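Heads up, the thing below is written out as structure tokens.
In the numbering used here, the protein residues as written are 30 to 247.
Written out as structure tokens, the structure is:
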């Protein structure tokens, strides 16, 4: 994976997509930024910039994905690989369905995947250090790990796992064992609050709620 690093971008994902559209960038490629002023979060939200974080987006040809991976579940797949990479540094991070990185009950990062033409574009943000505000909605990676983690080391480890092209079936088998971590949380579905305890995780990464198949929630 070729990695391009910039001091500051509005959004690594927007920069990457514009480069692919103009032909100035070719997949597979990763865009990393030390600062990101208008990062893209889930459901069109802006990812609030933190004093120190890991921001990156990458593009892969769809042909480079595991054959059994549905695009709708790509966030779980690449989020789980990210979680495993952070665990290799000693973190106790877990992946909240379908695309949030958590430590305990606090969000420290997120994953956002989109398809453009014949490419998958995936953006990931991980908070290493937040502004000193106890009311901030986001937390950070464990301080002792944040203090020693180097972005390039993390990216190299992460893309080693990506390039192994592990099957979705194998990833799902491990993720399913951890799905119970979601049971302390609720989500909104059809205008009502639903506990994850009432949701059934399906083999393609979706959940079944009230006989309806759901791939994302809020």
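For every residue, glycine included, the Cβ atom is placed at its ideal position computed from N, Cα and C.
Keep in mind the model is a prediction, meaning the values are calculated, not measured.
Could you round the C-beta distance between residue i and residue j to whole angstroms and report it? I think they count as a contact, below 8 Å.
i: residue 90; j: residue 56; result: 6 Å
i: residue 65; j: residue 92; result: Actually they do not touch by this definition, with Cβ atoms about 29 Å apart.
i: residue 122; j: residue 130; result: 5 Å
i: residue 151; j: residue 87; result: 6 Å
i: residue 149; j: residue 157; result: At roughly 26 Å, the Cβ-Cβ gap does not stay under 8 Å, so residue 149 and residue 157 are not in contact.
i: residue 191; j: residue 218; result: Not really, about 31 Å apart at Cβ, beyond 8 Å.
i: residue 211; j: residue 225; result: 4 Å
i: residue 246; j: residue 203; result: Not a contact, Cβ separation roughly 21 Å.
i: residue 137; j: residue 155; result: 6 Å
Going by DSSP in three states, residue i sits in which element: helix, strand or coil?
i: residue 117; result: coil
i: residue 164; result: Here residue 164 scores only 48 on pLDDT, less than 50, and its place in the model is too uncertain to base an answer on.
i: residue 206; result: helix
i: residue 86; result: strand
i: residue 98; result: coil
i: residue 41; result: helix
i: residue 91; result: helix
i: residue 246; result: coil
i: residue 143; result: strand
i: residue 213; result: helix
i: residue 227; result: helix
i: residue 137; result: strand
Output the distance between the C-alpha atoms of residue i and residue j, rounded to the nearest integer angstrom.
i: residue 164; j: residue 52; result: Per-residue confidence for residue 164 stands at a pLDDT of 48, beneath the threshold of 50, marking its modelled position as unreliable; the derived number appears in the next sentence. Taking the straight line joining both Cα atoms gives about 43 Å.
i: residue 144; j: residue 178; result: 30 Å
i: residue 237; j: residue 223; result: 12 Å
i: residue 81; j: residue 186; result: 19 Å
i: residue 97; j: residue 30; result: 22 Å
i: residue 124; j: residue 50; result: 31 Å
i: residue 184; j: residue 62; result: 12 Å
Which residue from the options puts its Cα closest to that of residue i?
i: residue 176; options: 224, 119, 111; result: 119
i: residue 207; options: 113, 82, 35; result: 113
i: residue 102; options: 231, 42, 239, 212; result: 231
i: residue 233; options: 60, 196, 211; result: 196
i: residue 45; options: 37, 60, 36, 32; result: 60
i: residue 127; options: 115, 135, 142; result: 142
i: residue 139; options: 149, 204, 168; result: 168
i: residue 85; options: 180, 243, 47; result: 180
Within the continuous beta strand (DSSP E) that includes residue i, where are the two ends?
i: residue 186; result: That residue, residue 186, is in no beta strand (DSSP E); its alpha helix (DSSP H) goes 180 to 192.
i: residue 224; result: 221 to 224
i: residue 153; result: 148 to 158
i: residue 18; result: Look at the range of the chain in this structure, 30 to 247, and you will see that residue 18 is not part of it.
i: residue 132; result: 129 to 132
i: residue 124; result: 123 to 125
With residue i as the anchor, note down where its alpha helix (DSSP H) starts and where it stops.
i: residue 58; result: Here residue 58 belongs to no alpha helix (DSSP H); instead the beta strand (DSSP E) covers 58 to 65.
i: residue 242; result: Run containing residue 242: none in the alpha helix (DSSP H); it sits in the beta strand (DSSP E), 241 to 243.
i: residue 173; result: 172 to 175
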